[in-house]
Amino acid sequence: MIRRYCFLIILLLVYFLVSCNKDPIGFNELERELSVPLTQTLYPIEQYCYGKNVPLGWADYLVLGKNNEYESRILLKFPIDTLTLDGITSLNLVLYPYKYNGINFDIYLITKISEWQENSVTWNRTYEGQSWLNPGGDYYPHLITNVDLTTDSCIISIGVNPALLDTLRNYANGFILIPTSNGLFATINSRHIGKAPKLIVEYGVTKKTFTAVQDAHIIKAINLTPDPYQDAWLGAGYPFRTMLKFDLDSIPDNTTIVFAELVLPVQSSFSLSDTFDIAVWKVLEPYFASFTSFADNRFAQSRFHAANDSIIKFDLRNIVQFWKTKPDSNFGILISCYPQNHEISRVQLRTNPVGPYLKVAYILPPERRFK
Amino acid sequence: MRYFHIKNTIIGLLILTTLINAQSFFSMKSFGEELLSNNATALGLGGLVSLHRENPSFPLVLNKTSFYASVLSNLVYGKYRENGRLIYDVRPMLVEGKIPLPYHFRIGVRLSEIFNQNFDVYSETTSFAGYHYQRHVIGKGGMYRIGINCSKSFLNNKFSCGFEYAKILGQSLEQWTFEVLDRNYITLDTVITGYSTHNLKFGVFTDVSFLTIGAIFENFLTGVINSKVISHNTIVDSISGLKFNLPQGFGAGIIFNKLTNTKFYLDIFYRNWTKTLIADTVVTKYQNSIKYSLALEHWFMESYPLRIGMRYYLSYLRDYQNIPIKEYALTTGSRIPIANFGAFDYSLELIRRFGKETKETIGRINFSLAFEESWKKRTRRWGY
Numbered sequence: 009m010i011r012r013y014c015f016l017i018i019l020l021l022v023y024f025l026v027s028c029n030k031d032p033i034g035f036n037e038l039e040r041e042l043s044v045p046l047t048q049t050l051y052p053i054e055q056y057c058y059g060k061n062v063p064l065g066w067a068d069y070l071v072l073g074k075n076n077e078y079e080s081r082i083l084l085k086f087p088i089d090t091l092t093l094d095g096i097t098s099l100n101l102v103l104y105p106y107k108y109n110g111i112n113f114d115i116y117l118i119t120k121i122s123e124w125q126e127n128s129v130t131w132n133r134t135y136e137g138q139s140w141l142n143p144g145g146d147y148y149p150h151l152i153t154n155v156d157l158t159t160d161s162c163i164i165s166i167g168v169n170p171a172l173l174d175t176l177r178n179y180a181n182g183f184i185l186i187p188t189s190n191g192l193f194a195t196i197n198s199r200h201i202g203k204a205p206k207l208i209v210e211y212g213v214t215k216k217t218f219t220a221v222q223d224a225h226i227i228k229a230i231n232l233t234p235d236p237y238q239d240a241w242l243g244a245g246y247p248f249r250t251m252l253k254f255d256l257d258s259i260p261d262n263t264t265i266v267f268a269e270l271v272l273p274v275q276s277s278f279s280l281s282d283t284f285d286i287a288v289w290k291v292l293e294p295y296f297a298s299f300t301s302f303a304d305n306r307f308a309q310s311r312f313h314a315a316n317d318s319i320i321k322f323d324l325r326n327i328v329q330f331w332k333t334k335p336d337s338n339f340g341i342l343i344s345c346y347p348q349n350h351e352i353s354r355v356q357l358r359t360n361p362v363g364p365y366l367k368v369a370y371i372l373p374p375e376r377r378f379k
Numbered sequence: 072m073r074y075f076h077i078k079n080t081i082i083g084l085l086i087l088t089t090l091i092n093a094q095s096f097f098s099m100k101s102f103g104e105e106l107l108s109n110n111a112t113a114l115g116l117g118g119l120v121s122l123h124r125e126n127p128s129f130p131l132v133l134n135k136t137s138f139y140a141s142v143l144s145n146l147v148y149g150k151y152r153e154n155g156r157l158i159y160d161v162r163p164m165l166v167e168g169k170i171p172l173p174y175h176f177r178i179g180v181r182l183s184e185i186f187n188q189n190f191d192v193y194s195e196t197t198s199f200a201g202y203h204y205q206r207h208v209i210g211k212g213g214m215y216r217i218g219i220n221c222s223k224s225f226l227n228n229k230f231s232c233g234f235e236y237a238k239i240l241g242q243s244l245e246q247w248t249f250e251v252l253d254r255n256y257i258t259l260d261t262v263i264t265g266y267s268t269h270n271l272k273f274g275v276f277t278d279v280s281f282l283t284i285g286a287i288f289e290n291f292l293t294g295v296i297n298s299k300v301i302s303h304n305t306i307v308d309s310i311s312g313l314k315f316n317l318p319q320g321f322g323a324g325i326i327f328n329k330l331t332n333t334k335f336y337l338d339i340f341y342r343n344w345t346k347t348l349i350a351d352t353v354v355t356k357y358q359n360s361i362k363y364s365l366a367l368e369h370w371f372m373e374s375y376p377l378r379i380g381m382r383y384y385l386s387y388l389r390d391y392q393n394i395p396i397k398e399y400a401l402t403t404g405s406r407i408p409i410a411n412f413g414a415f416d417y418s419l420e421l422i423r424r425f426g427k428e429t430k431e432t433i434g435r436i437n438f439s440l441a442f443e444e445s446w447k448k449r450t451r452r453w454g455y
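Protein chains in written order, with our numbering: chain A, 9 to 379; chain B, 72 to 455.
As structure tokens, this is what we get:
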């Protein structure tokens, strides 16, 4: 048995010795002319940037906080239609913050007529086609409580005022959490098993626990309005998207693209986390401002380190090759942070004097064995 | 224990063969490496052509149904300036069967490789625009002959002549990889080439006193080459029906068998490559190829020969500096009889092949399995 393994090990070693050697023996005997790789640097012929409110209900974390550029609120709904109000001794809202930062916030009840839906609610609308009466959420002005979020498991006492309980069960659509302290943001678990927001109702020694059936955060961008044709911003939470289109006519037909690197120089960035991802999507139709449709699946993705990175690079070989083969499909690319409902992040790309560019290298295909 | 070694050797060879497949650092050129002999017996005797199974009239006497299969195992160490690289290859080379018929006729079928186009080469690492890149080209394939032959012995088995018609088919697949080393970007282009032509071969074999003489002549009919280049799943270049004419070949050999248990062989094969036509144009870069083999075979016992030979071969190819590619080889071989079956032939070759700067040292092991069946009923009826 030992001899058998020794034998196989020796064979594998021989294989590695043989296969790892990449010395250029015999290459010049090929008898065929080989093209030298040629490079071109291409700059966008079309560029368009816009910001857009998108539903954030499917995010893993709920963002709460505000500064001079963003405000993020949290909406929570619990299945308490059948809640028995008599005999309630305490009512507690339980949150599991991921980052808490000592943020201070108010809790209000959302009005009954504002029937919001987790998968489509945004700062401006309750669901598809239906707006809030007041952007940012319709809620009763009566403050339920004010909270300082200082621990990673926060139990918030709601109180057992009969009028409050009656409103909560019969005339409200859940809670809205509104930040009051400026410059701070917290993230609260939404999807992690056992760490979703809960409402605990106690009847003396017995208690009932309700897990949030819907939760979402809604974000407003304040004074963040990029110039559509001059700026190039990327963002998540409140997503900023930049579309770029490059003219590939200067690259000869029938070439093999060996290198196509999109380079995005970074001017400034803001993020709640140290790193986040930036992705590229293929644009599917001619430019139509913010209504331009793009592919569901991202084409390339790159990790951005906010503290260190001054440029972002993407490998776009395949898509450039595809565009060379089918020039009619070249509608450009869309770049944004990914996922778009992730914590708030934003990258402002430098556009002057050198903005985004595409560095392409190509070779001619090999010649046939016989001409 | 012996079974264990054989089994593991086979496994090992398969692993190596699957992962590394290359024959020669010159076989990416033109039609590739020309293979004149395909069996262990002939290769053990310096690479006989006219005096062995390549000759359709061989053997002079055939009174047994005969099947023959060969496998070649090839270890090549290539050297170019200060660089060296080892490549390895195992592949079947020949399957053949011959059946005796009445009136000293016999027919046979034969499948063999005539040109090999396996190679595996890397370019030097070069830089562009601040990035380093390397090309890697792997070729697999070759040209194969599928032939049927017929021969007949005359003059009380003192003379035989034979004729073979063969369809020549071939295909090669080349994968051209361009790798940007700094980014680990890899791009792949593919070149596919197909060949089709016909071959006619005529041979004679005769026994004159203590000499046995063999000669062959072969000619190729006009064939076609189809080729396409595929980049990024698109055919970017193609040609079909490109006419080509491979050149005629002539061979002759003498066996001196006056001594008991010892034979001397001299075998020459020539092909006039300077007459090669591609697209009705003479290919000027080729030179006429010639091969000389000189060998000795001594039978220590009735069934155990020792074969020793040497070979000089001037290839039809020239290297990139227009220097003729030559080959010197020392060969040896023997045979192990297998009772009630036939024999197992093997040969070893040590070959030195070189142009000006690229040099190859090749170690080859060839195996052939021969099956020979006596047909007693037929022997009674036909007298042989």
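Here a beta-carbon is modelled for each residue, glycine too, at the ideal position from N, C-alpha and C.
- Every beta strand (DSSP E) stretch that sits fully inside the segment 294 to 374 of chain A and reaches 3 residues is listed by chain position as 308 to 313, 319 to 323, 341 to 346, 353 to 357 and 365 to 371.
- Two segments are said to touch when three or more pairs of C-beta atoms, one from each, lie closer than 8 Å; by this definition the segment 243 to 256 of chain B touches the segment 260 to 271 of chain A.
- No Cβ of chain A is located within less than 8 Å of the beta carbon of residue 412(B).
- Boundaries cannot be given for residue 200(B), as no beta strand (DSSP E) includes it and DSSP labels it neither H nor E.
- Ranking 374(B), 394(B), 315(B) and 409(B) by CA distance to the CA of residue 429(B) puts 394(B) first.
- Residue 241(A) is positioned such that its CB atom lies closer than 8 Å to that of residue 355(A).
- The C-beta distance from residue 286(B) to residue 275(B) rounds to 5 Å, short enough to meet the 8 Å contact threshold.
- Within the segment 181 to 265 of chain B, there are no complete alpha helix (DSSP H) runs of at least 4 residues.
- Taking a C-beta distance under 8 Å as the contact criterion, residue 195(A) and residue 206(A) do not qualify as a contact pair.
- Per DSSP, the continuous alpha helix (DSSP H) segment holding residue 170(A) begins and ends at 170 to 178.
- Along the segment 144 to 178 of chain B, going in chain order, the ones with a CB nearer than 8 Å to a CB of chain A are 149, 150, 151, 154, 155, 156, 157, 158 and 159.
- For residue 99(B), at least one C-beta of chain A is nearer than 8 Å to its own C-beta.
- For residue 119(A), the enclosing beta strand (DSSP E) starts and ends at 111 to 119.
- By DSSP's assignment, residue 46(A) forms a beta bridge with 370(A).
- The beta-carbon of residue 29(A) is placed less than 8 Å from the nearest beta-carbon of chain B.
- Close CB contacts of residue 291(A) within its chain, under the 7 Å cut and outside five residues either way in sequence, are with 251, 300, 302, 339, 340, 341 and 342 (chain order).
- Taking the Cα of residue 172(A) as reference, the smallest distance to any Cα among 184(A), 157(A), 152(A) and 163(A) is reached at 152(A).
- Residue 365(B) has 337(B) and 381(B) as its beta-bridge partners, per DSSP.
- Close partners of residue 264(B) in chain A (Cβ separation under 9 Å): 376, 377 and 378.
- DSSP places residue 268(A) inside the beta strand (DSSP E), whose first and last residues are 264 to 279.
- Taken through DSSP and simplified to helix, strand or coil, residue 129(B) comes out as coil.
- Residue contact check for residue 356(A) against chain B: no CB pair falls below 8 Å.
- Counting only runs of 3+ residues, the beta strand (DSSP E) found wholly inside the segment 124 to 174 of chain B occupies 135 to 151 and 154 to 171, in chain order.
- Below the 7 Å Cβ cutoff, chain B contributes no neighbours of residue 248(A), its closest Cβ being approximately 28 Å away.
- Against chain A, a Cβ distance below 7 Å from residue 307(B) picks out 262 and 373.
- Distance between residue 281(A) and residue 348(A), taken at the CA atoms: about 14 Å.
- Secondary structure note for residue 112(B): its alpha helix (DSSP H) is the uninterrupted segment 111 to 115.
- According to the DSSP secondary-structure assignment, residue 372(B) is paired through a beta bridge with 375(B).
- Secondary structure of residue 101(A) (DSSP, three-state): strand.
- According to the DSSP secondary-structure assignment, residue 136(A) is paired through a beta bridge with no residue.
- Residue state for residue 437(B) is assigned as strand, using DSSP reduced to three classes.
- One thing to note: residue 256(A) has its Cβ no nearer than 8 Å to the Cβ of residue 43(A).
- Partner residues in the beta bridge of residue 84(A), as assigned by DSSP, are 183(A) and 223(A).
- The C-alpha of residue 110(B) is placed about 14 Å away from the C-alpha of residue 380(B).
- Against chain A, the beta carbon of residue 390(B) has neighbours under 9 Å at 36 and 37, listed in chain order.
- Only buried fits residue 272(B), as 16 or more other CB atoms lie within 10 angstroms of its CB.
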